[in-house]
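Residue numbers (our numbering): 7 to 744. Glycine is no exception: its CB is placed at the ideal position from the N, C-alpha and C atoms. Remember, predicted model here, so these are calculated numbers, not experimental data.
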């Protein structure tokens, strides 16, 4: 058909019948076409890769591999597919193996380009389909190689790796050197800190030794002075005190000698068979009186179901040395267990420890316990931990360390279990038999005799309470004597001070700083005598607490201490001590210092009273009292002046404004000025009235009402009592303003 015949110039040129045929009109008639009977092209087109072109070169493709130049990284590849049936409908897809991950649809394009290819071996593949979509799956392929640049070669990478390894090694060397230097610096700092700690420990040690030596010396010297000046009874008690403290001093010296022998390796055992239960029973018995005085339940237990006659209860020991260990453990338990507590000595065995059969002796208490951070250092020489129940200056820090060395000489071990608030348990493990001992460590065997009572073990090892009862605060009775509060942890020192001062002063006693503070707050004394080194709150902390509280800031404190250095005196005075007396002291000097402090307090009191009552004086004036008391007085004066016109503003109202009780305010003002609260308020009002009279601020009656007096006659009587003349006479003496 010619095109003009089927073009359909004015109407549609064709029609599709229901059976799918296509009908066309022409000048010659109808033309029918059945699409289902059209021929299908099943022959895939052959594919050829024609050329590979770079910027500078053109490569003909064939069966062999092409080797390009290293610089030829941008490629243009030409290909073709031979199909003569509608060649424009031939489609292609390409893939560069080694570069493309998937096939690319190239459409009818017959060239593909790649830029900036890496070096390596590549295979270019191309496939084509004919006009009916039949693909030539085999397609065509061309292998080509792009060599690396010199800096991409393996030997170049070897150089790179070597350089990188060298750089890393250099960096690592510098890093580890710097780390080493930092570690050395850290070790040096730790060493320096350790030396400082050691120096501090030594300082505490010698301070403790000084305290432990000077106090017994004081207790020896003062009774001797009294014995020399007295005739009559009482010698037995004084001699007993001297003997007890002489033994205490001897025990300390012996402990130091043991330490020296232990550190020099000269301490050896002289072991012999010892019946453990009688030894424990005797030691516990020697502490029973002390436990009763402290209201502590002390008991001895055998576990599990042992009896005193059991053979395992005999050990090969150096009895004297083991005795020191057990006394030290029991001493510590009683020393730091509060009244109403419990201390139990437990004997248990046999038990296994490091493949040995041992007896375990435990001393358990219900005391405050030991902080966890202190446990690893508890058996170190000179280590003293500090908490609210133990003072780092008390003792020497030798006892537990020496105890561990003695136990290890016996091839045993000492352990501790403790936690704050749950008490402590020290356990001593001692091997059975004598196979663990060297021949030179075994003494000549002798028959065991009955144990004699240990001579004053508890009293020699522990500065416990004396048999004399400690009096409580005396009831209020008419007594002109001044009240002294003694704060001292050493019972014998309290006994000595009681003997020296009891006839001249009313005495109250506290065993440590916290108790002393509570007693001072409850009933402020006229003067406090305090030791510096005490368990719990020491003397310096007590000074700070007293000075920080308005109820006690006016009380003078005399420090009694074994530390006699000038620096210690300065420290005490800086903390607010009124005076400082070093042990051992002369009893006459003690009396003089107390008397001088009380006289000074009385003079200060009189000075303040005169300032409050003298004509023409004003508050504040020269500071003659502690800054805290000066501030307290200023507040009181300002409050009275602000409420001067209120006749109802009396003692109770002033106490409420100052934030204290009426009784405390009254005691405070009496201590500072010698005046009760009502007299103090009246003195301030009269002082204000005198000032107003000088300024002629009104008539006498107007001024009386202005300063809080409701009755003119009472105002006049009070004014005359304080200033020696009536308000009218005082007013007439003032010059008339021009």
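Simplified DSSP assignment, three categories, for residue i
i           : result
residue 670 : helix
residue 443 : coil
residue 701 : coil
residue 21  : strand
residue 725 : helix
residue 375 : coil
residue 302 : coil
residue 535 : strand
residue 108 : coil
residue 146 : strand
residue 275 : coil
residue 92  : coil
residue 186 : helix
residue 738 : helix
residue 36  : strand
residue 166 : helix
residue 114 : coil
residue 732 : coil
residue 307 : strand
residue 87  : strand
residue 595 : helix
residue 157 : helix
Buried/exposed call for residue i, threshold 16 Cβ in 10 Å
i           : result
residue 122 : exposed
residue 25  : exposed
residue 496 : buried
residue 425 : exposed
residue 78  : buried
residue 355 : buried
residue 500 : buried
residue 127 : exposed
residue 430 : buried
residue 151 : exposed
residue 445 : exposed
residue 280 : buried
residue 179 : exposed
residue 322 : buried
residue 560 : buried
residue 407 : buried
residue 390 : buried
residue 86  : buried
residue 107 : exposed
residue 576 : exposed
Option in the options with minimal Cα separation from residue i
i           : options            : result
residue 95  : 62, 136, 69        : 136
residue 602 : 719, 533, 190      : 533
residue 92  : 103, 101, 50, 129  : 50
residue 691 : 567, 652, 332      : 652
residue 338 : 498, 351, 553      : 351
residue 615 : 590, 675, 632      : 675
residue 683 : 693, 694, 668      : 668
residue 379 : 493, 423, 665, 148 : 423
residue 306 : 286, 299, 324, 300 : 286
residue 56  : 32, 41, 47, 88     : 88
residue 584 : 607, 597, 417, 594 : 607
residue 369 : 383, 388, 336      : 336
Contact belief for residue i with residue j at Cβ below 8 Å, rounded distance in angstroms
i           : j           : result
residue 449 : residue 189 : About 50 Å; that fails the 8 Å criterion.
residue 343 : residue 371 : 5 Å
residue 2   : residue 491 : Residue 2 lies beyond the stretch modelled for the chain, which goes from 7 to 744, so this question has no answer here.
residue 729 : residue 696 : 7 Å
residue 349 : residue 297 : 7 Å
residue 447 : residue 274 : 6 Å
residue 435 : residue 364 : 5 Å
residue 98  : residue 134 : 5 Å
residue 353 : residue 308 : 5 Å
8 Å Cβ cutoff met for residue i and residue j
i           : j           : result
residue 733 : residue 699 : yes
residue 132 : residue 145 : yes
residue 433 : residue 366 : yes
residue 671 : residue 656 : no
residue 578 : residue 565 : yes
residue 535 : residue 555 : no
residue 520 : residue 542 : yes
residue 117 : residue 84  : yes
residue 660 : residue 687 : yes
Beta carbon proximity, residue i to chain B, threshold 8 Å
i           : result
residue 545 : No chain B appears in this structure, which consists of one protein chain only.
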